[in-house]
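Position one of the sequence shown corresponds to residue 65 (the numbering used here), numbered consecutively onward.
Below is one structure, written out as structure tokens, with a few remarks after it.
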Amino acid sequence: MKKTTSYHLTSLLLLAFVGSSFAQRHETFAERPAKRLAFVEKMKERAFRDKQEARAWAKARGLPTREERGGRLRELMAIRDGKPLYYATLNKMAAISTATDLVRNTSPYNLNGAGLRVGVWDGGSVLSSHDELTGRVAVKDAVPTHYHSTHVAGTIGASGVDLNAKGMAPLVGIDSYDWFDDVGEVGSAGASAPNQLSKIYLSNHSYGYDIIDSSYYHFYGKYTSDVRQMDQALYGLQYCLPFAGAGNDQSFATYKDGYDTITFHGIAKNVMTVGAVRDAVNGSGTARSLADATMTTFSSWGPADDGRIKPDIVANGYYLYSCDDTGNSGYRSIPGTSMACPNACGSAALLVDYYDDLFPGGAMRASTLKGLIIHTADDLGNPGPDYQNGWGLMNTLAAAELLRDYAVGATLRLTEATVTTSQRSDSYTFQWDGIGPIRATLCWTDPPGKSTSVHDSRTPVLETDLDLKITGPGGSYYPYSLSYENPTNNATASGENNIDNVEQVYIATPVAGQYTITVDFDGALSGGEQWYSLLISGARSDSDGDGMPNSWESLYFEGSTNAVASADQDGDGSDNYSEYISGHNPTDPNSVFAVTSFTAPESGNTPFIITWDPVAGRIYNVSWSHGLIITPFTDISGDLPHPANSYTDAVERIDFQNFYRVDVRLAE
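Pasting the structure below:
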């Protein structure tokens, strides 16, 4: 009796769905302009009072209140704990390092910051007549120009008269302030909603406390009243993200080997704190190279005293070439986190610009922009976050690509939502895309914490304790955490993070199947609600609805919507959609799902053995029939998940002819 076989490819399309619940919104501080105005006035009065006290202190001792010392500008601003407190100042290569050159005036993005304004607070005003900035600087505080302010502004937005000094956002506008009453001015100038054209969505603060000697070490990492006030201002804005330099105090190696050396605004929860690495550029100076993004010897390291992850990110801060205030065509090179900060801030301006292009009149919340940059940063140093590099080197291109995916229909890539006292949890369910790891990043603008005068206080300053967790076939996955007591250790991910207002869950090698992301909270909520921003990678997104995920189409067709499901790209007899389902390469005629061998005995009907090449994330079924036209196929194997690659039929088939079929589908 002759036994014959046939095989047939079938597929099951799995639909991912998203669940998210919303309750009636409560009035929040961000919606109370009167309270915001009162806060601004309070900050102005406090800054004036602090300045008067500081001037009196200096006059009584015959000391200057403002001076250049060791190449740094510093100015006496207040007396804290009986000590004089000074504020002190802390691009072709820079653009390559953050992958900004790949979206700046470059198709398909063509971003330049036109129509957007960035606030620059610094030790003097920007030279508004500089050839690189002319016509785009509004001097808000009538103070003398300073090279540091001008250099920062150039890194953000120099037009490129000298191509080596071209800024990250070459058409952006600059609002120039001095650093007196910075918190109050940010509170007044910052955006609290989308489409506020007269407001700023970004600001740059490349300065911090001047740590004069060891008697000032107690300011390191401390959540002081000055830090708290910045968080309070930003909680009332929600759409303004300041960038703060981490500081240049790592070289104080006698203090905790360089760790816990960040001060002032860099300790705030709701800012983007930026450390400095060397050029992430190859030897020829033409391409981005993460291997070259080594840590500088000066960039301050975290943590904050309560163990929070600081800095948030790093950028190029090693001798950036930019504008000088010596004249309208003056330039100079300067190192420092003062330079890394505007490298990141100017790059972020392009992302704000791009979001407005994609969604005219819209804007990302500050937590969304911060989360987006952290989510797409390239990991440096220890795996995951660390206290030297934060979440890694900013990657403007990767951030722009995520926004583009979101705009063309991959809605699960970016979510802005709330939890409330009546709706304490949101969940998002999706299928893994089968291509790479799963990453989810949660970020929120947290209410101001309780300031402290205690050195190295371990008490968390987190007010709203949101929690992020992913559950899936491999179990439950938790966000990264770092240890203050062991700052050099790798991040762990064994439980809830109750310290940071940025959380990230990373699954390096997901098991195929369905995953659920949960956002909930412990304790109480200020005002009865908390907005949050959630970024997700690894969720299957299908912008054109053809059953093939964006990531798979991009992998093989150089675009998220370029493949035609019914087309047979490589002419191997299997269309593109079928190749996706089976897990094969649609551009390689030698890569196709097929039975690789079968064994039919010469005599007798058993056993019959059929084999195939299995692919991860797929389930196989073997069916039998004695006819191809009328008689249906019957599943005889049940589910055979990867790595199963064969089936043995031990049942004696007495029919004259027998047909076998191997079906493949995506794992549930």
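From the three backbone atoms N, C-alpha and C, an ideal C-beta is built for every residue, glycine too.
Keep in mind it's a predicted model, so treat the numbers as computed, not measured.
By the 10 Å Cβ neighbour count, where 16 or more other Cβ atoms means buried, how is Leu-461 classified, buried or exposed?
Taking the first residue of the sequence shown as position 1, residue 461 is located at position 397. Looking at its Cβ environment, which holds 16 or more other Cβ atoms inside 10 Å, Leu-461 is buried.
Can you give the Cα-Cα distance for Ser-85 and Asp-490, rounded to whole angstroms?
One-based indexing of the sequence shown puts residue 85 at position 21. One-based indexing of the sequence shown puts residue 490 at position 426. Low local confidence applies: a pLDDT of 28 at Ser-85 is under 50, so the model's placement there is unreliable, and no value is given.
Where does Glu-480 sit, in a helix, a strand or coil, going by DSSP?
As a working mapping, residue 480 is identified with position 416 in the sequence shown. Looking at Glu-480 - three-state DSSP - the assignment turns out to be strand.
For Tyr-711, which residues in the same chain have their Cβ closer than 6 Å to its Cβ, ignoring the five residues on either side in sequence?
Along the sequence shown, one-based indexing puts residue 711 at 647. So the list reads Ile-674, Val-686, Ser-701, once near-sequence residues are dropped.
Going by C-alpha to C-alpha distance, which of Gly-309, Gly-146, Thr-219 sits closest to Gly-454?
Taking the first residue of the sequence shown as position 1, residue 454 is located at position 390. Nearest of Gly-309, Gly-146, Thr-219 to Gly-454, Cα basis: Gly-309.
From which residue to which residue does the beta strand (DSSP E) around Tyr-621 run?
Residue mapping note: residue 621 aligns to position 557 of the sequence shown, counting from 1. Looking at the sequence shown, residue 621 is not Tyr but Phe. From DSSP, Phe-621 is part of no beta strand (DSSP E) but of the alpha helix (DSSP H) over 614-621.
By how many angstroms is the C-alpha of Arg-488 removed from the C-alpha of Arg-89?
The residue you call residue 89 lines up with position 25 of the sequence shown. The residue you call residue 488 lines up with position 424 of the sequence shown. Here Arg-89 scores only 34 on pLDDT, less than 50, and its place in the model should not be relied on; the value that follows carries that caveat. So the alpha carbons of these two residues sit roughly 13 Å apart.
Please list, in chain order, all residues of the same chain as Tyr-385 whose beta carbon is under 7 Å from its beta carbon, the five residues on each side excluded.
As a working note, residue 385 is residue 321 in the sequence shown. Cβ within range, chain order: Asn-155, Asn-228, Ala-229, Tyr-395, Ser-397.
Where in the region 695-719 do unbroken runs of the beta strand (DSSP E), each at least 3 residues long, occur, reported from the N-terminal end onward?
Counting only runs of 3 or more, we get 710-713.
With distances taken from CA atoms, which of Gly-199, Glu-196, Gly-179, Val-203 is nearest Ser-189?
In the sequence shown, the residue the question calls residue 189 occupies position 125. Taking only the C-alpha atoms, the option nearest Ser-189 is Val-203.
Given Gly-322, which residues of its chain have a CB within under 6 Å of its CB, disregarding the five upstream and five downstream residues?
Within the sequence shown, the letter at position 258 stands for residue 322. Contacts found: Gln-314, Trp-365.
Specify the secondary structure class of Ser-84 as computed by DSSP and reduced to three states.
For this step, residue 84 is matched to residue 20 along the sequence shown. Interpretation of Ser-84 is limited by its pLDDT of 27, a score under 50 that renders its predicted location unreliable; the figure taken from the coordinates is listed afterwards. Looking at Ser-84 - three-state DSSP - the assignment turns out to be coil, as it is neither helix nor strand.
I need the boundaries of the beta strand (DSSP E) containing Thr-214, first residue and last residue.
Reading the sequence shown from its first residue, position 150 is the one you call residue 214. Run containing Thr-214: none in the beta strand (DSSP E); it sits in the alpha helix (DSSP H), 211-221.
For the structure I just gave you, are there three or more beta carbon pairs, one from the region 466-480 and one from the region 378-392, closer than 8 Å?
Because the criterion of three Cβ pairs below 8 Å is not met, the region 466-480 and the region 378-392 do not touch.
For Pro-678, which residues of its own chain have a beta-carbon under 8 Å away from its beta-carbon, when the five flanking residues on both sides are left out?
Here residue 678 refers to the residue found at position 614 of the sequence shown. Cβ neighbours of Pro-678 beyond the five flanking positions: Tyr-684, His-706, Pro-707, Ala-708, Asn-709.
Decide if the region 347-354 is in contact with the region 325-333; the criterion is three or more beta carbon pairs, one per stretch, under 8 Å apart.
Because the criterion of three Cβ pairs below 8 Å is not met, the region 347-354 and the region 325-333 do not touch.
To the nearest angstrom, how far is it from the Cα of Thr-327 to the Cα of Cys-387?
Taking the sequence shown and counting its residues from 1, the one referred to as residue 327 is at position 263. Taking the sequence shown and counting its residues from 1, the one referred to as residue 387 is at position 323. Using only the alpha carbons, I get a separation of about 27 Å.
Kindly confirm or deny that the region 622-629 and the region 506-526 touch, where touching means at least three C-beta pairs closer than 8 Å.
No: the two stretches stay apart, fewer than three of their Cβ pairs being nearer than 8 Å.
Which residue wins for smallest C-alpha separation from Gly-435, given the options Asn-446, Pro-424, Leu-415?
Numbered from its first residue, the sequence shown carries residue 435 at position 371. Nearest of Asn-446, Pro-424, Leu-415 to Gly-435, Cα basis: Leu-415.
Which term fits His-212, buried or exposed, when burial requires 16 or more other beta carbons within 10 angstroms of its beta carbon?
For the purposes of this step, residue 212 is taken as residue 148 along the sequence shown, with counting starting at 1. Classification for His-212: buried.
Taking the alpha-carbon positions, what's the Asp-606 to Tyr-542 distance?
Position 542 of the sequence shown, counted from the start, is the residue given in the question as residue 606. Position 478 of the sequence shown, counted from the start, is the residue given in the question as residue 542. When rounded, the distance between both Cα atoms is 27 Å.
Give me, in chain order, the residues of the same chain whose beta-carbon lies closer than 6 Å to that of His-194; leave out the 5 immediate sequence neighbours on both sides.
Position 130 of the sequence shown holds residue 194. Cβ within range, chain order: Cys-387, Asn-392.
Sorted by chain position, which residues of the same chain lie with C-beta nearer than 6 Å to Leu-235's C-beta, five sequence neighbours on each side aside?
Taking the first residue of the sequence shown as 1, we reach residue 235 at position 171. Closer than 6 Å at Cβ, skipping near neighbours: Asn-176, Gly-177, Ala-178.
Please say whether Ala-340 and Tyr-382 have beta carbons closer to each other than 8 Å?
Translated into positions along the sequence shown, residue 382 becomes position 318. Translated into positions along the sequence shown, residue 340 becomes position 276. In contact: Tyr-382 and Ala-340 (Cβ atoms closer than 8 Å).
In the region 238-289, which residue ranges form an unbroken alpha helix (DSSP H) of at least 4 residues, counting only runs that do not cross its ends?
Here the runs fully enclosed are 246-253.
Could you give the DSSP three-state label for Ala-427: helix, strand or coil?
Here residue 427 corresponds to residue number 363 of the sequence shown, with the count starting at 1. It is coil, neither helix nor strand.
For Thr-460, report the span of its beta strand (DSSP E) as first-last.
As a first step, residue 460 is located in the sequence shown; it is residue number 396 there, counting from the start. Premise fails: Thr-460 lies in the alpha helix (DSSP H), 460-471, not in any beta strand (DSSP E).
Using the three-state DSSP reduction, which class does Gly-448 fall into: helix, strand or coil?
Reading the sequence shown from its first residue, position 384 is the one you call residue 448. Residue state, collapsed to three classes: coil.
Between which two residues does the beta strand (DSSP E) harbouring Glu-527 extend?
Working through the sequence shown from its first residue, we reach residue 527 at position 463. Premise fails: Glu-527 is in no beta strand (DSSP E) and is neither H nor E.
Below 6 Å CB to CB, which residues in the same chain sit around Gln-568 once its five sequence neighbours on both sides are set aside?
Locating residue 568 in the sequence shown gives position 504, where the first residue counts as 1. Same-chain partners within the cutoff: Thr-505, Pro-543, Tyr-544.
Since Met-458 and Ala-379 should fall inside the 8 Å C-beta cutoff, what is the C-beta to C-beta distance between them, to a whole number of angstroms?
The residue you call residue 458 lines up with position 394 of the sequence shown. The residue you call residue 379 lines up with position 315 of the sequence shown. Indeed they touch by this definition, with Cβ atoms about 5 Å apart.
Give me the Cα-Cα distance between Ile-437 and Ala-463, rounded to the nearest whole angstrom.
As a working note, residue 437 is residue 373 in the sequence shown. As a working note, residue 463 is residue 399 in the sequence shown. Answer to the nearest angstrom: the Cα atoms are 6 Å apart.
Going by the beta-carbon positions, is the gap between Thr-162 and Ser-411 smaller than 8 Å?
Taking the first residue of the sequence shown as 1, we reach residue 162 at position 98. Taking the first residue of the sequence shown as 1, we reach residue 411 at position 347. Their beta carbons are under 8 Å apart, which means Thr-162 touches Ser-411 by this criterion.
At which residues does the beta strand (DSSP E) containing Ile-398 begin and terminate?
As a working mapping, residue 398 is identified with position 334 in the sequence shown. Counting along the chain, the beta strand (DSSP E) containing Ile-398 begins and ends at 395-398.
Under 8 Å between the Cβ atoms of Val-525 and Asp-370?
What you label residue 525 is simply residue 461 of the sequence shown in a count that begins at 1. What you label residue 370 is simply residue 306 of the sequence shown in a count that begins at 1. Cβ distance < 8 Å, so Val-525 and Asp-370 count as in contact.
Can you tell me the Cα-Cα spacing of Arg-729 and Gly-248, whole angstroms?
As a first step, residue 729 is located in the sequence shown; it is residue number 665 there, counting from the start. As a first step, residue 248 is located in the sequence shown; it is residue number 184 there, counting from the start. Each residue's alpha carbon lies about 59 Å from the other.
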